[in-house]
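Chains as they are written, first to last, in numbering that gives the first Met the number 0: chain R, 0 to 203; chain S, 0 to 203; chain V, 0 to 203; chain W, 0 to 203.
Ideal Cβ positions, reconstructed from N, Cα and C, are used throughout, including at glycine.
There are 4 protein chains.
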Amino acid sequence: MTDAAPPAARTETGADLRRLILDHTRRLLVTGGYDGLSMRKIARGVGCSATSIYLHFEGKDALTHALIDEGMRRLYAELDAQAEDRPARRLDALCRAYVRFGLANPEYYQVMFQLHPERMARYPPEDYRRARRNVELFGEALADGAAAGVLRLVSSPDVAAMALWTALHGLVSLLLAERVDARVAGDAFIDAAVRQALAAFEVQ
Amino acid sequence: MTDAAPPAARTETGADLRRLILDHTRRLLVTGGYDGLSMRKIARGVGCSATSIYLHFEGKDALTHALIDEGMRRLYAELDAQAEDRPARRLDALCRAYVRFGLANPEYYQVMFQLHPERMARYPPEDYRRARRNVELFGEALADGAAAGVLRLVSSPDVAAMALWTALHGLVSLLLAERVDARVAGDAFIDAAVRQALAAFEVQ
Amino acid sequence: MTDAAPPAARTETGADLRRLILDHTRRLLVTGGYDGLSMRKIARGVGCSATSIYLHFEGKDALTHALIDEGMRRLYAELDAQAEDRPARRLDALCRAYVRFGLANPEYYQVMFQLHPERMARYPPEDYRRARRNVELFGEALADGAAAGVLRLVSSPDVAAMALWTALHGLVSLLLAERVDARVAGDAFIDAAVRQALAAFEVQ
Amino acid sequence: MTDAAPPAARTETGADLRRLILDHTRRLLVTGGYDGLSMRKIARGVGCSATSIYLHFEGKDALTHALIDEGMRRLYAELDAQAEDRPARRLDALCRAYVRFGLANPEYYQVMFQLHPERMARYPPEDYRRARRNVELFGEALADGAAAGVLRLVSSPDVAAMALWTALHGLVSLLLAERVDARVAGDAFIDAAVRQALAAFEVQ
DNA sequence: AATGAATGAGCTTTCATTCAT
DNA sequence: AATGAATGAAAGCTCATTCAT
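(1) Among the residues of its own chain, which have a CB less than 7 Å from the CB of S:Q81, if the five just before and after it don't count?
(2) Taking the DSSP output, what are the residues bridged to R:L150?
(3) Say whether chain S places a C-beta atom closer than 8 Å to the C-beta of R:F188.
(4) Does the beta carbon of V:S48 sit closer than 8 Å to a beta carbon anywhere in chain W?
(5) State buried or exposed for R:A3, treating a residue as buried only when at least 16 other CB atoms are found within 10 Å of its CB.
(6) Could you work out which residue in R:M71, R:R18, R:R194 and R:G44 is closest to S:L152 when comparing CA atoms only?
(7) Determine the closest residue to S:R178 out of R:E117, R:R182, R:A192 and R:V202, with distance taken between C-alpha atoms.
(8) Taking a contact to mean a Cβ-Cβ separation below 8 Å, would you say S:R25 touches S:E77 in this structure?
(9) In this structure, does DSSP put R:Y107 in helix, strand or coil?
(10) As a quick exercise: from V:H55, V:L114 and V:G44, pick the residue whose alpha carbon is nearest that of V:G32.
(11) Report the rounded CA-to-CA distance for S:A7 versus S:G58, giving the unit in angstroms.
(12) Which one of W:L150, W:M111, W:F56 and W:A196 has the shortest CA to CA distance from W:R85?
(13) If the criterion is Cβ atoms closer than 8 Å, does the pair W:L27 and W:L36 meet it?
(14) Of all the alpha helix (DSSP H) runs that stay within the bounds of the stretch 57-145 of chain R, which reach a length of 4 or more residues?
(15) Sorted by chain position, which residues of the same chain lie with C-beta nearer than 6 Å to V:T63's C-beta, five sequence neighbours on each side aside?
(16) Closer than 9 Å between beta carbons: that is the criterion. Which residues of the stretch 55-82 of chain V meet it against chain W?
(17) So, is R:V45 buried or exposed, given that buried needs 16 or more other C-beta atoms within 10 angstroms?
(18) I need the boundaries of the alpha helix (DSSP H) containing S:Y53, first residue and last residue.
(19) Alpha carbon to alpha carbon, what distance is there between S:A181 and R:R121?
(20) Classify W:S172 as helix, strand or coil using the three-state DSSP reduction.
(21) What is the DSSP secondary structure of W:A181, reduced to helix, strand or coil?
(22) For S:E201, I'd like the list of residues in its chain whose CB is within less than 7 Å of its CB, leaving aside the five on either flank, ordered along the chain.
(23) State yes or no: is the beta carbon of R:M38 nearer than 8 Å to at least one beta carbon in chain S?
(24) Since R:A166 contacts S:A166 with CB under 8 Å, what's their CB separation in whole angstroms?
(25) Given S:Y75, which residues of its chain have a CB within under 7 Å of its CB, disregarding the five upstream and five downstream residues?
(26) Under the criterion of a Cβ to heavy atom distance below 7 Å, does V:R128 qualify as lining the ligand NAD?
(27) Return yes when the Cβ of W:G70 is within less than 8 Å of the Cβ of V:S172, no when it is not.
(28) Assuming S:H157 contacts R:V183 under a Cβ cut-off of 8 Å, what Cβ separation, rounded to an integer in Å, is found between them?
(29) So V:L167 contacts chain W; which residues on that side make the cut at Cβ distance below 8 Å?
(30) Over what stretch of residues does the alpha helix (DSSP H) that includes S:D22 continue unbroken?
(31) Measure from the C-beta of R:F137 to each C-beta in chain S and report whether the shortest distance is under 8 Å.
(32) Just reading off the alpha helix (DSSP H) that V:G44 is part of, what are its end residues?
(33) On a CA-only basis, which of S:A187, S:A103, S:F188 and S:A87 is nearest S:L141? Give me that one, please.
(34) Mind checking if W:R9 is an interface residue toward chain V, Cβ cutoff 8 Å exclusive?
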């Protein structure tokens, strides 16, 4: 039959629908936040039925989790790309890459780090473990730096990394929330904040 | 003393309903976050009709804003109570008081600092101005310390205060979100993180 | 006691509140129609509590009925003022006065003639009787004209008057509803429509 | 013929729900008027959930508009069926068909011609254009009659048609509103009123 | 792989009205 | 004469999800 149509047409939507859904979900997250998200809005945006989303994701949670995982992988890719041998320089690069990633990907950042704990409780453990790798990169740089005597550590590398991460996260999230005074916010401020967060590790 | 006479008359209803509503709203915020909040749930919790809430608050926004303002005032009270003459000590006390407040009042903290910017856009300007006073307290301590030569500043007190605030906020919000590794989180970690944030201002 | 205040102050709001309510209700009717009417909106506009309206009117129905009655009286006053001895001229003047009144007082006209019959079912019979006087004025002019041989009647004056009224009502209500083509509506159109409605009574 | 096969499959549900909704909406309009209308009442009447209505109509407005359009088409069908060559007779038949339609379909008539202008403002322009075709039928009869010298016109056919329409509308709407004296209303009255409205076009 | 139809629960808000004061 | 507090009912609408096809 002629109306059996080109099979390629289906292929394009077929496996790619998953991608389309993820991408449009991200777009919606930027404008309306997590709560402004709805399966129907996503479907409308992608041009498929709401039901179709359930063919690719178990539910809203699973969709969100997929997005988180994707974000975590991308963040890792960016952080891991900071190929710098000297630990102090690497730490600095990691911080700046982290902030850059957050500001450039508000939608990922939101679901990755600003979701209600209850919602995260159902996050798959193995994904969680991978997510933690991101902070570990900071810990490794700190440990390397301490070993080389170029970074000063007063607590364990893990603790220091976690504390550093909280500082960076505060910077990113308040900037994204537009809570930093507009007259202050800007590259200069970001630079100052990152320096301030790193000052603790400077050897005199 | 004389005007203390008839307030008991309407203990359960009257002006007290406003308080009950605010209090129960806070309770709901802890468990379900801002999006888990609903006028009906609040009403059910306080034991009044959903309509009654509208007698005391113009709408959900106004109710939230009242809560934010209340939180900001309480935070200010706590920060302002850190009566310490020596600037460096005062700054330290401010930081610890801030974190303490956030962890002790997750519901306030959430609406105060983690609301979607769109939702904050409707926040009354005069309340906003008062809210900013909180960060200013940090700026004053920094300026005082710099003047006295006991704190080192590489940027303006305002910028430094804002950057310090972002660090503290990151600490509080990740702890509240239960995103800090349980094996790490604890008073020791908080102490380490605060020290790390303050290290930038230490004079060698 | 000094706070017993000037009694005149109360007098002004006292009996006059009824008037204020009626007047503001009319204003609301223009903008939002009957269904856009609400006791609270009225109260807000007048500056009194919603409860206070119930001191002056039994309910929304009674308030509406009072407005209808007032409108009917005003319409009667306008029609009755068309002092013209010659019946044909008087009839013409009555028609034009009717249309003028309707267009000038859309809020009255709406409740007077465009309310759902169910809502009118509770209208007090004695008021209804007075309302009917308005159409009777047309009937009298028609009867006078027929007796004088200057108006042609093919049905009883009552029937003819009623039919004439329906035509005028159609004109007014479609104009108020903005359903007459904007390029057509205007004084010329009104004039043409009234002439057309009166043509039936012309003696050759 | 072959594609007429499986429509019985979804007799109660499927595409038929749309019809059921429209029909029940009409029924509700008769008893309670436009303002007595509610999505829930409709749903209760059809035996479906309120949500289901939104599957077939975008909202209350769209539902109403669909009803208006349907009514306009039906009215047009009735008017257009008045196949009469002689213009004067055709005009008479049009008038009587119009009134007949209005009295027989109070629910359609209501939404078609008695809706608040604000509500009509959102009516789709292309539907509006079709609706206007109804009045144009009167204009054409008038123009034909004038050209043939059997109808007297003192204004343009368009204006005369519009004026005639307002008269008929007044007749229908006051009858539907039960505002015409019960002792008068009846076929004789309708006949008298229509004659009166048409008298203007009679050639002496 | 994809869909249209359907739903129950829920949302914020407004309504007319009553009651104690 | 006037009010603040309160309410049940209802409004229009959106939600995540299921199911038969």
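According to the data block:
(1) Taking the second sequence and counting its residues from 1, one reaches residue 81 of chain S at position 82. Around S:Q81: R89, A92, L93 and A96.
(2) What you label residue 150 of chain R is simply residue 151 of the first sequence in a count that begins at 1. Its beta-bridge partners are R:E201.
(3) As a working note, residue 188 of chain R is residue 189 in the first sequence. Interface residue, yes.
(4) For the purposes of this step, residue 48 of chain V is taken as residue 49 along the third sequence, with counting starting at 1. No, its Cβ sits nowhere closer than 8 Å to a Cβ of chain W.
(5) Against the first sequence, residue 3 of chain R aligns to sequence position 4. Bear in mind that a pLDDT of 40 at R:A3, under 50, signals an unreliable position, so the number given afterwards is only what the model happens to contain. Its Cβ having fewer than 16 others within 10 Å, R:A3 is exposed.
(6) Within the second sequence, numbered from 1, the residue matching residue 152 of chain S stands at position 153. Nearest option by C-alpha distance: R:R194.
(7) Start at 1 with the first residue of the second sequence, and residue 178 of chain S comes out as number 179. Checked all of R:E117, R:R182, R:A192 and R:V202; the closest Cα to S:R178 is R:E117.
(8) The residue given as residue 25 of chain S occupies position 26 in the second sequence. The residue given as residue 77 of chain S occupies position 78 in the second sequence. No, the pair does not count as a contact, with Cβ atoms beyond the cut-off.
(9) In the first sequence, counting from the first residue as 1, residue 107 of chain R sits at position 108. Here R:Y107 sits in helix by DSSP.
(10) Stepping through the third sequence from its first residue, residue 32 of chain V is reached at position 33. Comparing Cα-Cα distances from V:G32 to each of V:H55, V:L114 and V:G44, the minimum goes to V:L114.
(11) Here residue 7 of chain S is taken as the residue at index 8 of the second sequence, counted from 1. Here residue 58 of chain S is taken as the residue at index 59 of the second sequence, counted from 1. Confidence at S:A7 is low in this model, with a pLDDT of 32, below 50, so the placement of that residue should be treated as unreliable; the coordinate-derived value is given next. Distance between the alpha carbons of S:A7 and S:G58: 28 Å.
(12) One-based indexing of the fourth sequence puts residue 85 of chain W at position 86. With distances taken between Cα atoms, W:R85 lies closest to W:L150.
(13) The count along the fourth sequence starts at 1 and reaches residue 27 of chain W at position 28. The count along the fourth sequence starts at 1 and reaches residue 36 of chain W at position 37. Against a cut-off of 8 Å, the Cβ pair of W:L36 and W:L27 comes out as a contact.
(14) 59-79, 86-103, 105-112 and 116-119
(15) Walking along the third sequence from the start, residue 63 of chain V turns up at place 64. Answer for V:T63: V110, listed in chain order.
(16) none
(17) Position 46 of the first sequence holds residue 45 of chain R. Per the 10 Å Cβ criterion, buried.
(18) Locating residue 53 of chain S in the second sequence gives position 54, counting from the first residue. Residues A49 to H55.
(19) In the first sequence, residue 121 of chain R corresponds to position 122, counting from 1. In the second sequence, residue 181 of chain S corresponds to position 182, counting from 1. The straight-line gap from Cα to Cα measures roughly 17 Å.
(20) As a first step, residue 172 of chain W is located in the fourth sequence; it is residue number 173 there, counting from the start. Note: W:S172 maps to helix in three-state DSSP.
(21) In the fourth sequence, counting from the first residue as 1, residue 181 of chain W sits at position 182. It is coil, neither helix nor strand.
(22) Start at 1 with the first residue of the second sequence, and residue 201 of chain S comes out as number 202. Once the five neighbours on either side are set aside, the close Cβ partners of S:E201 are R151.
(23) Locating residue 38 of chain R in the first sequence gives position 39, where the first residue counts as 1. Answer no: the Cβ-Cβ gap between R:M38 and chain S never drops below 8 Å.
(24) Here residue 166 of chain R is taken as the residue at index 167 of the first sequence, counted from 1. Here residue 166 of chain S is taken as the residue at index 167 of the second sequence, counted from 1. Indeed, because the Cβ distance is near 4 Å, the residues count as touching under 8 Å.
(25) As a working note, residue 75 of chain S is residue 76 in the second sequence. These residues qualify, in order along the chain: R132 and N133.
(26) Absence of the ligand NAD from the depicted structure is noted, as is the absence of any ligand whatsoever, leaving it without description.
(27) The residue you call residue 172 of chain V lines up with position 173 of the third sequence. The residue you call residue 70 of chain W lines up with position 71 of the fourth sequence. The answer is no: Cβ separation not under 8 Å.
(28) In the second sequence, the residue the question calls residue 157 of chain S occupies position 158. In the first sequence, the residue the question calls residue 183 of chain R occupies position 184. The amino acid occupying residue 157 of chain S in the given sequence is Asp; His does not appear at that position. At roughly 7 Å, the Cβ-Cβ gap stays under 8 Å, so S:D157 and R:V183 are in contact.
(29) Here residue 167 of chain V is taken as the residue at index 168 of the third sequence, counted from 1. Those are G169, listed as they occur along chain W.
(30) Translated into positions along the second sequence, residue 22 of chain S becomes position 23. Run containing S:D22: D15 to G31, per the alpha helix (DSSP H) assignment.
(31) As a working note, residue 137 of chain R is residue 138 in the first sequence. Taking Cβ atoms only, chain S never reaches closer than 8 Å to R:F137, which makes this a no.
(32) To locate residue 44 of chain V, count along the third sequence from 1; it is residue 45. It spans M38 to V45 - the alpha helix (DSSP H) in which V:G44 sits, taken as one unbroken run.
(33) Position 142 of the second sequence holds residue 141 of chain S. S:L141 has its Cα closest to that of S:A87, out of S:A187, S:A103, S:F188 and S:A87.
(34) Counting from 1 along the fourth sequence, the entry for residue 9 of chain W is found at position 10. Because W:R9 carries a pLDDT of 37, less than 50, the predicted location of this residue cannot be relied on, and no value is offered for it.
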